[in-house]
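**Student:** Just so we're on the same page, our numbering is the position in the sequence shown counted from 1, plus 99.
Built from N, CA and C at the ideal position, the CB exists for glycine as well.
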Amino acid sequence: MLIISAFGITVTTTAPNTGVSKVMTVDNGKVYELNFNADVLLSSVVEVNIKELGLTIASQQITTNGNKALTFTPTSNAITIEFNRINSGTASLQFEIDNIQLKEVVSSKLTHEVGIKNYELSDHLGNVRTTVSDKKVSGSSKVISANDYYPFGMEARSVSNGEYRFGFGGHEKDDEVKGSGNHLSFNDFGYNPRLGRRWRTDPAFNEYPSISPYAGFGNNPLIFIDPDGKRIIFINGKLGGGSPDGGEEYWNDSFVEGAKDYLFDNKTYFVNTDYSYFSSASGRTDQGYEYAKNNYDALIEGMSEDEVFNLVSHSMGGAFSKGVEKYLEEKGWEVQTNVMINTFQVDDIEVGDNDGTYNIDYQNTDDPVLFWFDTNLGYGELENANATIREESGEETISYKHRSPIDGGREFWDSLDQKIIESEKKK
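(1) Closer than 8 Å is the cut-off here; do at least three beta carbon pairs connect the segment 424-432 with the segment 460-467?
(2) Is it the case that the Cβ atoms of residue 112 and residue 139 are separated by a distance below 8 Å?
(3) Is residue 218 closer than 8 Å to residue 231 when the C-beta atoms are compared?
(4) Give the list of continuous alpha helix (DSSP H) stretches no shorter than 4 residues that lie fully inside the segment 351-435.
(5) Measure the alpha-carbon distance for residue 195 versus residue 155 and round it to whole angstroms.
(6) Just to confirm my understanding: we take residue 108, look at its own chain, exclude 5 residues before and 5 after, and list those with CB closer than 6 Å. What are they?
(7) Does the separation of the CB atoms of residue 175 and residue 152 fall below 8 Å?
(8) Alpha carbons only, please: which of 451, 116, 336 is nearest the one belonging to residue 187?
(9) Give a yes or no on whether the C-beta atoms belonging to residue 436 and residue 362 are separated by under 8 Å.
(10) Could you pull the start and end residues of the alpha helix (DSSP H) that residue 516 belongs to?
(11) I'd like to confirm the pairing. Which residues does DSSP put opposite residue 121 in its beta bridges?
(12) Measure the C-alpha to C-alpha separation of residue 172 and residue 185 and round it to an integer number of angstroms.
(13) Over what stretch of residues does the alpha helix (DSSP H) that includes residue 468 continue unbroken?
(14) Is it buried or exposed for residue 243, if we count other Cβ within 10 angstroms and need 16 for buried?
(15) Below 8 Å on the Cβ atoms is my guess for residue 159 versus residue 167; work out the distance and round it to an integer in Å.
(16) Taking the CB atoms as reference points, tell me whether residue 413 and residue 371 lie closer together than 8 Å.
(17) Who are the Cβ neighbours of residue 512 in its own chain at under 8 Å, not counting the five residues just before and after it?
(18) Got a sec? Which residues, its chain only, sit under 7 Å from residue 300 by beta carbon, not counting five neighbours each side?
(19) Going by beta carbon distance, what residues of the same chain come within less than 6 Å of residue 468, once the five residues before and after it are set aside?
(20) Buried or exposed, going by whether 16 or more other CB atoms sit within 10 Å of the CB of residue 471?
(21) Grab the span of the alpha helix (DSSP H) containing residue 506 for me, first residue to last.
(22) Thinking just about the alpha-carbon of each residue, which of 498, 523, 392 is nearest to the one in residue 340?
(23) In the DSSP assignment, what are the bridge partners of residue 342?
(24) Roughly how many whole angstroms lie between the Cα atoms of residue 389 and residue 431?
(25) I think residue 204 touches residue 132, with their Cβ atoms under 8 Å apart; what is that distance to the nearest whole Å?
(26) Quick one: Cα of residue 333 to Cα of residue 409, how far?
(27) Hey, residue 165 and residue 136 are a contact pair by Cβ (cut 8 Å); roughly how many whole angstroms apart?
(28) Do you know offhand how far residue 411's Cα is from residue 368's?
(29) Going by CA-CA distance only, name the one from 251, 402, 309, 256 that's closest to residue 283.
(30) Considering just the uninterrupted stretch of the beta strand (DSSP E) at residue 167, what are its terminal residues?
(31) Is residue 351 near residue 455, with beta carbons less than 8 Å apart?
(32) Please go through the same chain and pick out, in chain order, the residues whose beta-carbon is closer than 7 Å to the beta-carbon of residue 191, but skip the five residues on each side of it.
(33) Using only CA atoms, which one of 438, 253, 493 lies nearest to residue 486?
(34) With a threshold of 16 other CB atoms inside 10 Å of the CB of residue 453, please say whether the residue is buried or exposed.
(35) What residue does the beta strand (DSSP E) around residue 155 start on, and which one ends it?
(36) Taking DSSP as the reference, what is the three-state secondary structure of residue 112?
Take a look at the structure:
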């Protein structure tokens, strides 16, 4: 049971043992957990106290940033939650407490009964490919269902004992409409995986005039799920040396329109930043993280909680984009796709094995910037990339090669799917 949920507060103090407090009603004898995220600023030392009838029943000192938790069992029906600065002196200090939640800890009874729990094994799009039971048969798990799909969701091979009712994209199957696996609920909008079309128009079709109102997955089921993302963040590369200014001017208009169609997004945000010539990939990742933190309100303006982000970056902006991605994910947002073009020091960028973002690493093999200035001479690859694409630019003028994918306009996006397919064949 969730008792309280609050977004966050910033507290400025000028004396020790001062801060904020709140009185809460609880049930005595039950176990509660207080969760929050702390951001300790300007060398503050913060203490969180749970008090009952003026006496402290649980306490924790906080000197580092991150998620914190405090468990306690009250003996009365009222508690006071305090967040206080305990530094001595009269200097003005700040701390932030974010994502505050107080919830009852509900214990569950342990059971050794098997065959009542199922585990879903999904692909990168969230499609459940195999469902297994916790019941073992002859040393192996019992398979409840196994499915292979054509690109738009029509079943290719399917094995099921009838207990699993979900299909492509995690949507519920309604086999009474068009037979087994031929109709998905799609939140009551209906979807035919054989045609790749909805029965009713997409509720947001007027935002995407270039795509059929009956389309699903933005007509691009290789990397998208439905619902689709709602904002693309464009991150420029190093400025100077003949490049355009940062921000929106850095990007070719046709290239941006192509990105909107490909990523099925109609909202854009243009980062305007620059980097040191001697910066490292990790340093630019940290720079991107701090940028997202300092510009968070602008990045999420007009977004709803169920919407997602897509990132497009160039050159030194590639490492920067992973920092932006990291901060957005820490704040609970999904970053669906990260398209990194002619990325400088690409093999120094850290991407974990469980990175949930679809990472596209695109490079031109005749890019002089990567060959002459990058330590890997242009032969590096993004760790754990979902798609690694290497091809010549086709540009004769040397000074234009580094930006050629952008200056070529929407052509980059129109051919990207085919290049992803070809890259898969080379693995």
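**Tutor:** Taking the structure as given:
(1) Counting C-beta pairs with one atom in each stretch, the segment 424-432 and the segment 460-467 have fewer than three that are closer than 8 Å, which means they do not touch.
(2) no
(3) yes
(4) You should have 352-362, 380-393, 395-399, 416-429.
(5) 22 Å
(6) Excluding residues within five positions, the ones whose Cβ falls inside 6 Å are 196.
(7) yes
(8) Ranked by how close their Cα comes to the Cα of residue 187, the residues 451, 116, 336 have 116 in first place.
(9) Yes, they are a contact pair.
(10) 515-524
(11) 180
(12) 25 Å
(13) 467-472
(14) Answer is buried; the Cβ neighbour count reaches 16.
(15) In this structure residue 159 is in contact with residue 167, their Cβ atoms being roughly 7 Å apart against a cut-off of 8 Å.
(16) no
(17) 354, 357, 358, 360, 361
(18) Cβ contact annotation for residue 300 (same chain, cutoff 7 Å, sequence separation greater than five): 312, 313, in chain order.
(19) Within its own chain, the residues whose Cβ lies closer than 6 Å to the Cβ of residue 468, once the five positions on either side in sequence are excluded, are 501, listed in chain order.
(20) Residue 471 comes out exposed.
(21) 503-506
(22) 498
(23) Bridge partners of residue 342: none, in fact.
(24) 16 Å
(25) About 5 Å separates the CB atoms of residue 204 and residue 132; that is less than 8 Å, so the two are in contact.
(26) 9 Å
(27) 7 Å
(28) Whole-angstrom Cα-Cα distance: 10 Å.
(29) Measuring from the Cα of residue 283, the nearest candidate turns out to be 251.
(30) 165-171
(31) no
(32) 111, 113
(33) 438
(34) Exposed, since its Cβ has fewer than 16 Cβ neighbours within 10 Å.
(35) 154-161
(36) strand
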